Every structure is written in C-alpha cells, then in structure tokens.
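Q: Counting the sequence shown from 1 gives a position; the working numbering is that position plus 166. Provided herewith is a single structure, encoded as structure tokens, for subsequent inquiry.
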Amino acid sequence: MLRIGLVMLQGARHAHMRALNSAADELKTSVEIFELHNNNDLINANPHAIILPGGESTTMRIIGNDNSSQLLPELFRMLRRNSELPVMGTCAGAILLSDPQDEGGKIVDASMERNGYGSQSESFQSIVDAEIISREFPGVFIRAPKFLSLGSDSVPIALHGEEIVGVRTNNRIALTFHPELSDDNGFHKWLLSKTLEVNS
C-alpha cells in the first residue's frame with residue numbers, strides 16, 4: 167500500500183485524489199491518500215510520495231508556515247533529508263518547490279515567475295509535449311507561472327511549443343499547468359510508478 171501525502175493548503179485537492187485513484191487502478195496497486203494540514207499530519211503519514219497542488223503561493227506560504235500548521239517547514243525538511251522521495255508540484259506548488267523561502271536550498275532547481283502568462287483572463291488550455299510520459303498531454307494553465315531559468319540539477323520534461331512547462335530534479339517534478347484538471351492521469355501514473363520503483 168502506497169502512502170501518498172496530499173498538501174491541503176489550497177487548490178484542486180479532490181481532483182488530485184480522483185486522478186491518484188484512477189492511476190492506482192490502472193497500475194493495479196493500492197494507495198492511501200493522507201490529507202496534510204499540519205506538520206503532525208505529515209509526520210504521522212510518513213508518506214511514500216507528496217503532491218503539492220496549486221492555489222495562490224503567497225496564501226499557501228502564510229497558511230503553511232503559521233504556528234498552527236508548520237506544514238511547509240516540516241515538509242521541506244523531509245524533502246531535503248530524503249532526495250529520493252517522489253514529489254509533484256503543480257502551479258503554485260511548483261513555485262513553492264523552486265522557491266521555498268526558508269534557510270535551505272531549492273527542492274526543484276529552477277527559478278519561476280508568478281502569473282507568468284498574465285491574469286486569470288489569460289488562462290488557457292493547450293497541448294503539452296510531455297517527454298516524461300512519452301506523449302502529448304492536455305495542459306490546463308490557470309494564472310500559470312513561467313520558468314525563468316533551470317539550474318544544473320534540473321531537466322525539462324514538458325514543453326508548450328518552445329516554452330518549458332515542466333521540470334524535473336531527481337524524483338521531484340514541477341509543472342506550471344494542472345494535470346489533475348484534465349481527464350488524463352498520466353502524470354499521476356508517473357508519480358505512482360516512480361514511487362513503486364523507489365520502494366521496491
């Protein structure tokens with residue numbers, strides 16, 4: 167049974183749950199999804215993989231760093247202690263991975279611009295060339311950030327035209343779009359497959 171920690175600060179959390187369950191069914195594996203609201207939830211779950219959904223990154227930082235939660239400090243400590251732990255961050259979740267704003271280094275080796283495509287009215291859907299799952303993918307971009315640069319520890323894993331929209335550092339992926347809002351569970355299958363590989 168794979169334990170998947172789902173950060174519950176903001177975002178389409180229940181869509182991620184549906185995608186995870188669908189991916190698990192196709193992979194014929196079992197998952198238990200743990201809702202992570204605070205540091206104790208994270209410690210008690212001891213997850214095999216983590217998902218950081220989208221939302222608004224400033225709000226997520228305020229909630230996740232609050233004394234009543236302390237989820238983000240504990241999460242970043244956990245990720246730095248275990249570089250093999252698979253992680254998927256989408257939209258604002260990707261921003262948090264690339265810019266933790268604590269005393270440690272980046273979780274995903276990249277720099278990002280918030281709302282890189284503009285405001286809510288500039289949100290769009292378009293096909294992404296997703297190298298990491300070896301096919302095209304229906305990208306949903308909502309007030310999406312943009313990658314400004316990639317560090318030496320990162321590789322691009324998804325492109326929208328010439329634009330990098332997905333990056334991987336070790337077993338951590340950061341996506342500027344929302345895979346959970348499509349009917350395609352390809353990225354969630356990748357996360358579970360990588361988790362099975364790490365824990366085999």
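Ideal placement from N, C-alpha and C gives every residue a C-beta, glycine not left out. For clarity, every value in this text was computed on a predicted model and none was experimentally measured.
Quick check: what's the CA-CA separation for leucine 245 versus glycine 327?
A: Within the sequence shown, the letter at position 79 stands for residue 245. Within the sequence shown, the letter at position 161 stands for residue 327. Computed Cα separation, rounded: 31 Å.
Q: Measuring straight from C-alpha to C-alpha, what distance separates glutamate 202 and threonine 335?
A: Within the sequence shown, the letter at position 36 stands for residue 202. Within the sequence shown, the letter at position 169 stands for residue 335. Looking at the sequence shown, residue 202 is not glutamate but leucine. Computed Cα separation, rounded: 23 Å.
Q: Classify histidine 203 as helix, strand or coil using the three-state DSSP reduction.
A: The residue given as residue 203 occupies position 37 in the sequence shown. In this structure, histidine 203 counts as coil in the three-state DSSP scheme.
Q: From which residue to which residue does the beta strand (DSSP E) around lysine 312 run?
A: Reading the sequence shown from its first residue, position 146 is the one you call residue 312. First-last of the beta strand (DSSP E) with lysine 312: 312-316.
Q: With a cut-off of 7 Å, does the C-beta of valine 333 fall near any C-beta of chain D?
A: The structure shown contains no chain D; it is built from a single protein chain.
Q: Compute the Euclidean distance between the alpha carbons of serine 234 and glycine 259, then round it to the nearest angstrom.
A: Counting from 1 along the sequence shown, the entry for residue 234 is found at position 68. Counting from 1 along the sequence shown, the entry for residue 259 is found at position 93. Going by the C-alpha atoms only, they are around 20 Å apart.
Q: Runs of 3 residues minimum, wholly inside the stretch 176-236: which ones carry the beta strand (DSSP E) assignment?
A: Qualifying beta strand (DSSP E) stretches, in chain order: 197-202 and 215-218.
Q: Would you kindly work out how many angstroms separate the C-alpha atoms of glutamate 240 and leucine 362, rounded to a whole number?
A: Here residue 240 refers to the residue found at position 74 of the sequence shown. Here residue 362 refers to the residue found at position 196 of the sequence shown. The alpha-carbon atoms of glutamate 240 and leucine 362 are separated by roughly 24 Å.
Q: In whole angstroms, what separates the C-alpha of glycine 271 from that of asparagine 210?
A: Position 105 of the sequence shown, counted from the start, is the residue given in the question as residue 271. Position 44 of the sequence shown, counted from the start, is the residue given in the question as residue 210. Distance between the alpha carbons of glycine 271 and asparagine 210: 25 Å.
Q: Am I right that alanine 296 and glycine 332 are in contact with their C-beta atoms under 8 Å? What's the rounded C-beta distance?
A: Here residue 296 corresponds to residue number 130 of the sequence shown, with the count starting at 1. Here residue 332 corresponds to residue number 166 of the sequence shown, with the count starting at 1. Alanine 296 to glycine 332, Cβ: 7 Å. Contact.
Q: Count the other CB atoms, across all protein chains shown, that sit within 10 Å of the CB of aspartate 268; report buried if there are 16 or more and exposed otherwise.
A: Translated into the one-based positions of the sequence shown, residue 268 becomes position 102. Counting Cβ neighbours within 10 Å, aspartate 268 comes out exposed, since fewer than 16 surround it.
Q: Under 7 Å, do leucine 186 and leucine 218 count as touching if we go by C-beta distance?
A: Against the sequence shown, residue 186 aligns to sequence position 20. Against the sequence shown, residue 218 aligns to sequence position 52. Contact flag unset, no.
Q: Taking arginine 227 as the reference, give the member of Ile273, Gln176 and Thr195 with the closest Cα.
A: In the sequence shown, counting from the first residue as 1, residue 227 sits at position 61. Here the closest residue by C-alpha is Gln176.
Q: Is the Cβ-Cβ distance between isoleucine 216 and valine 253 less than 7 Å?
A: Locating residue 216 in the sequence shown gives position 50, where the first residue counts as 1. Locating residue 253 in the sequence shown gives position 87, where the first residue counts as 1. For isoleucine 216 and valine 253, yes; Cβs fall inside 7 Å.
Q: With distances taken Cα to Cα, identify the nearest neighbour of alanine 181 among Pro345, Trp356 and Leu316.
A: For the purposes of this step, residue 181 is identified with residue 15 of the sequence shown, where counting begins at 1. Ranking the options by Cα distance to alanine 181, first place goes to Pro345.
Q: Compare the C-alpha of phenylalanine 307 against each of Ser196, Asn204, Leu168 and Gly220 and name the closest.
A: Taking the first residue of the sequence shown as 1, we reach residue 307 at position 141. Ranking the options by Cα distance to phenylalanine 307, first place goes to Gly220.
Q: By the three-class DSSP mapping on this structure, what secondary structure does glycine 270 have?
A: Against the sequence shown, residue 270 aligns to sequence position 104. If DSSP states are grouped into helix, strand and coil, glycine 270 belongs with coil.
Q: Here's a check: name, in chain order, each residue in its chain whose Cβ is nearer than 7 Å to the Cβ of alanine 190, leaving out the five neighbours to either side.
A: Numbered from 1 along the sequence shown, position 24 holds the residue referred to as residue 190. Cβ within range, chain order: Ser196, Val197 and Leu358.
Q: Go through the stretch 307-357 residue by residue and report every complete run of the beta strand (DSSP E) that reaches 3 residues or more, in order.
A: Listed in chain order, they are 312-316, 321-326, 329-335 and 338-341.
Q: Where does glutamate 250 sit, in a helix, a strand or coil, going by DSSP?
A: Along the sequence shown, one-based indexing puts residue 250 at 84. Glutamate 250 falls in the coil class under three-state DSSP.
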